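Heads up: the sequence lines are chains A and B, in that order. Quick note on this note's numbering: the first sequence kicks off at 1 and runs consecutively. Quick note on this note's numbering: the second sequence kicks off at 1 and runs consecutively. A virtual CB, placed ideally from N, CA and C, is assigned to each residue, including glycine. Remember, it's a predicted structure, so these values are computed and weren't measured experimentally. Structure, as structure tokens:
Protein chains: 2
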Amino acid sequence: MKALIFDLDGTLIDSVYPHTLAWQQTLHEAELRVPAWEVQRHIGISGKLLVRTVARARGRSFDEAAIEQLEARHDELFRDYAPLQLPLPGAIDLLRFLAEHEVAYGIATSGRRSEVQGSLQALGIGPDTVVICGDTGSGKPEPDLFVACQQQLGEPPADCLIVGDSVWDVHSARRAGILAIGLLTGGFGEQELYNAGAMRVYRDAARLLAAIDELGLEFD
Amino acid sequence: MKALIFDLDGTLIDSVYPHTLAWQQTLHEAELRVPAWEVQRHIGISGKLLVRTVARARGRSFDEAAIEQLEARHDELFRDYAPLQLPLPGAIDLLRFLAEHEVAYGIATSGRRSEVQGSLQALGIGPDTVVICGDTGSGKPEPDLFVACQQQLGEPPADCLIVGDSVWDVHSARRAGILAIGLLTGGFGEQELYNAGAMRVYRDAARLLAAIDELGLEFD
Numbered sequence: 001m002k003a004l005i006f007d008l009d010g011t012l013i014d015s016v017y018p019h020t021l022a023w024q025q026t027l028h029e030a031e032l033r034v035p036a037w038e039v040q041r042h043i044g045i046s047g048k049l050l051v052r053t054v055a056r057a058r059g060r061s062f063d064e065a066a067i068e069q070l071e072a073r074h075d076e077l078f079r080d081y082a083p084l085q086l087p088l089p090g091a092i093d094l095l096r097f098l099a100e101h102e103v104a105y106g107i108a109t110s111g112r113r114s115e116v117q118g119s120l121q122a123l124g125i126g127p128d129t130v131v132i133c134g135d136t137g138s139g140k141p142e143p144d145l146f147v148a149c150q151q152q153l154g155e156p157p158a159d160c161l162i163v164g165d166s167v168w169d170v171h172s173a174r175r176a177g178i179l180a181i182g183l184l185t186g187g188f189g190e191q192e193l194y195n196a197g198a199m200r201v202y203r204d205a206a207r208l209l210a211a212i213d214e215l216g217l218e219f220d
Numbered sequence: 001m002k003a004l005i006f007d008l009d010g011t012l013i014d015s016v017y018p019h020t021l022a023w024q025q026t027l028h029e030a031e032l033r034v035p036a037w038e039v040q041r042h043i044g045i046s047g048k049l050l051v052r053t054v055a056r057a058r059g060r061s062f063d064e065a066a067i068e069q070l071e072a073r074h075d076e077l078f079r080d081y082a083p084l085q086l087p088l089p090g091a092i093d094l095l096r097f098l099a100e101h102e103v104a105y106g107i108a109t110s111g112r113r114s115e116v117q118g119s120l121q122a123l124g125i126g127p128d129t130v131v132i133c134g135d136t137g138s139g140k141p142e143p144d145l146f147v148a149c150q151q152q153l154g155e156p157p158a159d160c161l162i163v164g165d166s167v168w169d170v171h172s173a174r175r176a177g178i179l180a181i182g183l184l185t186g187g188f189g190e191q192e193l194y195n196a197g198a199m200r201v202y203r204d205a206a207r208l209l210a211a212i213d214e215l216g217l218e219f220d
């Protein structure tokens with residue numbers, strides 16, 4: 001194994017729960033009542049697909065322009081709900097360890113670039129790091145973002161590992177032909193991540209770092 | 001089976017996620033950094049026990065007076081985070097069905113009475129319904145609240161069923177010698193609830209109502 005590809009929200013940054021309430025309120029304003037747990041289980045796919053999914057289940061639909069308005073409203077509410085958008089336990093240490101040991105890594109997130117700048121900054125991720133955002137193509141569970149990251153890192157899929165918190169990361173990884181590791185920090189249950197196809201589930205980035213020798217990564 | 005005993009937050013009312021962010025911010029202000037998913041997995045136990053648990057894991061402790069201050073701060077923040085505190089899908093229909101078919105039911109919640117009035121009102125629960133609140137004794141996962149509810153309903157434990165969303169409800173039910181049904185509406189995974197000892201897990205109160213004939217309740 002030569003490279004790690006990380007999801008961002010819920011994996012490195014503690015942002016799934018404010019995203020959940022921001023989406024729930026956005027949808028409520030559009031007269032879609034969606035329980036918070038159901039919203040939370042859809043964080044990690046693109047905003048567009050989230051809206052389509054919960055709307056279809058309720059016999060509704062929104063055109064592209066309406067979805068863009070909802071995404072803008074979500075962004076606005078997210079800033080109110082996320083005063084504590086912080087790196088998750090071990091996230092900064094893990095990235096620092098990888099840098100020190102010259103293990104290649106990148107980020108692939110369904111979030112749009114404008115939305116994720118604060119998170120990247122909080123993690124100390126600079127312009128040298130490969131960061132693939134959702135506005136560059138199809139979001140998860142399509143494989144595109146992970147594939148783009150893997151290609152920019154220049155390692156074959158079989159030598160990469162994806163680290164994510166949601167079943168969408170794991171599905172997306174499988175479609176990209178890359179093995180996935182799940183973390184519990186986005187609120188999915190361990191069994192949900194294994195059922196999706198994760199090869200291993202750790203509590204958080206801190207536990208992954210403590211178990212880094214198990215992963216078959218090449219480093220000194 | 002002659003009576004149902006319901007948990008409130010996450011079971012009948014969509015309040016677990018705002019409780020999560022309100023507690024996370026309260027703890028953050030006390031210089032305890034606890035990821036949201038870890039807070040969420042502790043919603044349903046008493047506030048006192050939540051603070052003790054996450055504090056002990058971080059080598060901290062708070063005396064009674066400090067915990068009361070934290071609880072007050074949580075209550076204040078909760079009101080900001082919960083503009084959408086709504087009945088969960090099927091909750092009102094289920095309670096209405098039980099009333100129409102003269103099936104006894106009650107509520108047993110770790111929440112304090114001052115805190116839950118709005119929820120009871122939103123559900124249309126009046127003064128005739130047995131409601132046991134956390135300020136009357138030891139909160140979950142102690143069995144006290146469920147036992148008090150069962151006794152007031154006047155049916156033996158073997159003829160009651162508890163309906164809850166968290167592993168704390170299920171643990172508490174088992175200590176009370178009462179079978180438990182889990183719902184996914186508080187954000188726990190299905191397997192987590194089965195592992196805790198739930199005899200059955202439904203998606204939400206709506207699915208429970210659709211399957212009401214499976215439960216062995218006596219009604220016409």
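Taking a C-beta distance under 8 Å as the contact criterion, residue 146 of chain A and residue 104 of chain A do not qualify as a contact pair. For residue 88 of chain A, the closest Cβ of chain B is nearer than 8 Å. Judged by DSSP in its simplified three-state form, residue 95 of chain B adopts helix.
Residue 114 of chain B and residue 124 of chain A have their C-alpha atoms spaced approximately 44 Å apart. Between the C-alpha atoms of residue 173 of chain B and residue 63 of chain A there is a straight-line separation of about 47 Å. Taken through DSSP and simplified to helix, strand or coil, residue 147 of chain B comes out as helix.
Among the residues of chain B, none has a CB under 8 Å from the CB of residue 176 of chain A; the nearest is roughly 25 Å distant.
By the neighbour-count criterion, in which a residue is buried when 16 or more other Cβ atoms sit within 10 angstroms of its Cβ, residue 29 of chain A is exposed. Below the 7 Å Cβ cutoff, chain A contributes 35 and 36 as neighbours of residue 14 of chain B, in chain order. Secondary structure at residue 169 of chain B: helix, using DSSP grouped into helix, strand and coil. Chain A has a Cβ within less than 8 Å of the Cβ of residue 192 of chain B. Judged by DSSP in its simplified three-state form, residue 39 of chain B adopts helix. Between residue 162 of chain A and residue 132 of chain A the beta-carbon gap is near 12 Å, outside 8 Å, which marks them as no contact. Of B/74, B/41, B/148 and B/156, the smallest CA-CA separation from residue 134 of chain B is found for B/148. Under DSSP, residue 13 of chain A forms a beta bridge with A/9 and A/87. Going by DSSP, residue 163 of chain A is part of the beta strand (DSSP E) stretching over 160 to 164. Sequence-distant Cβ neighbours of residue 50 of chain B in its own chain, meaning closer than 6 Å and more than five residues away, are 42. Around residue 81 of chain B, the beta-carbon contacts reaching into chain A at under 8 Å are 21 and 81. With contacts defined by Cβ atoms closer than 8 Å, residue 37 of chain B and residue 184 of chain A form a contacting pair. Under DSSP, residue 3 of chain B shares a beta bridge with B/104 and B/160. Residue contact check for residue 202 of chain A against chain B: no CB pair falls below 8 Å. The straight-line gap separating the alpha-carbon atoms of residue 120 of chain B and residue 81 of chain A is approximately 26 Å. The shortest C-alpha to C-alpha distance from residue 193 of chain B to any of B/171, B/211, B/9 and B/208 is the one to B/171. In this chain, the beta strand (DSSP E) harbouring residue 183 of chain B covers 179 to 183.
At least one C-beta of chain A is nearer than 8 Å to the C-beta of residue 187 of chain B. For residue 34 of chain A, the three-state secondary structure derived from DSSP is coil.
Apart from the 5 residues on each side of it in sequence, residue 216 of chain B sits with its Cβ closer than 6 Å to the Cβ of 1 in its chain, given in chain order. When the five nearest sequence neighbours on each side are left out, the beta carbons in the same chain lying within less than 7 Å of the beta carbon of residue 205 of chain B are those of 12, 88, 89, 90, 91, 94 and 183, in order along the chain. Within chain A, 17 and 187 have C-beta atoms less than 8 Å from the C-beta of residue 40 of chain B, given in sequence order. Within 8 Å of the CB of residue 94 of chain A, no CB atom of chain B is found; the nearest one sits about 15 Å away.
Per DSSP, residue 132 of chain B lies in no alpha helix (DSSP H); the unbroken beta strand (DSSP E) holding it starts and ends at 130 to 132.
Within the region 153 to 177 of chain B, no residue has a Cβ lying closer than 8 Å to any Cβ of chain A.
Identification of chain B residues near residue 209 of chain A by a Cβ-Cβ cut-off of 7 Å yields none; the smallest Cβ-Cβ distance measures about 15 Å.
Chain A has a Cβ within less than 8 Å of the Cβ of residue 184 of chain B.
Pairing residue 7 of chain B with residue 19 of chain B gives a Cβ-Cβ distance that is not under 8 Å.
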